[in-house]
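Right, one structure below, let's go through it.
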Amino acid sequence: MSELDVMDVQELHEQLAVAQHLLSQAEGDHERRDLACEMLGSVEALLGHLAIERGIETNLADRLLGLRDDLGGHLLAAATLDDVGVPSHAAVELLRRAADTTQAGLRLLTLDQRVLAGRN
Numbered sequence: 018m019s020e021l022d023v024m025d026v027q028e029l030h031e032q033l034a035v036a037q038h039l040l041s042q043a044e045g046d047h048e049r050r051d052l053a054c055e056m057l058g059s060v061e062a063l064l065g066h067l068a069i070e071r072g073i074e075t076n077l078a079d080r081l082l083g084l085r086d087d088l089g090g091h092l093l094a095a096a097t098l099d100d101v102g103v104p105s106h107a108a109v110e111l112l113r114r115a116a117d118t119t120q121a122g123l124r125l126l127t128l129d130q131r132v133l134a135g136r137n
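Count along the sequence shown from 1, add 17, and you get the number used in our numbering.
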């Protein structure tokens, strides 16, 4: 399969939207933040699944893995901020940035796939 499945892309966008909503209300609310982290972790796993297990073409796989790695890095950095005792608003802001960046990257990726599909 050389293209992204519409249902997978929709699932990613929905999970990112839920995480973004939770993070918009997560200041001082650890339950919402933890749930948003779980959602972002699920997005990270699905990005990897799409790239590796589906056998997607190299350029697309590289871009999906790049999104996954960036998201994973943000999740790790937010956990590290918690571990060293940095106030929670810093981790929440980092997670917001992670969700926003992943959402934007996914939109760009799907737009590029549509353009390429239109050329064929």
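In this text, a Cβ means the ideal position worked out from N, Cα and C, and glycines have one as well. Quick caveat: nothing in here was measured; it's all calculated off a predicted structure.
Have a look at Val-60 and Val-101 and give me their C-alpha separation to the nearest angstrom. Here residue 60 is taken as the residue at index 43 of the sequence shown, counted from 1. Here residue 101 is taken as the residue at index 84 of the sequence shown, counted from 1. Whole-angstrom Cα-Cα distance: 25 Å.
Tell me whether the stretch 110-119 and the stretch 84-91 touch, counting them as touching only if at least three CB pairs, one residue from each stretch, are closer than 8 Å. yes
Quick one: what does DSSP say Ala-96 is sitting in, helix, strand or coil? Within the sequence shown, residue 96 is the residue found at index 79, counting from 1. If DSSP states are grouped into helix, strand and coil, Ala-96 belongs with the helices.
Select from Ala-95, Leu-88, Leu-39 the residue whose C-alpha is nearest the C-alpha of Leu-64. In the sequence shown, the residue the question calls residue 64 occupies position 47. Of Ala-95, Leu-88, Leu-39, the residue nearest in Cα terms is Leu-88.
Just how far apart, CA to CA, sit Gly-58 and Leu-92? Reading the sequence shown from its first residue, position 41 is the one you call residue 58. Reading the sequence shown from its first residue, position 75 is the one you call residue 92. The alpha-carbon of Gly-58 is positioned some 8 Å away from that of Leu-92.
How is Val-101 classed by DSSP in three states: helix, strand or coil? The residue given as residue 101 occupies position 84 in the sequence shown. In the three-state scheme derived from DSSP, where H, G and I count as helix and E and B as strand, Val-101 is classed as coil.
Measuring alpha carbon to alpha carbon, tell me which residue in Leu-29, Ser-41, Asp-99 is nearest Gly-122. Within the sequence shown, numbered from 1, the residue matching residue 122 stands at position 105. The candidate whose alpha carbon is nearest that of Gly-122 is Leu-29.
So for Leu-42, helix, strand or coil by DSSP? As a position in the sequence shown, residue 42 is number 25, starting the count at 1. Sequence inspection shows Gln at residue 42; the Leu mentioned does not correspond to that position. DSSP places Gln-42 in coil when its eight states are reduced to three.
Endpoints, the alpha helix (DSSP H) within which Asp-51 is located: Translated into the one-based positions of the sequence shown, residue 51 becomes position 34. Its alpha helix (DSSP H) spans residues 47-69.
So, helix, strand or coil for Asp-25, using DSSP? Here residue 25 refers to the residue found at position 8 of the sequence shown. Correct three-state label for Asp-25: helix.
The stretch 66-80 in contact with the stretch 94-111 per 3-pair CB rule at 8 Å: no
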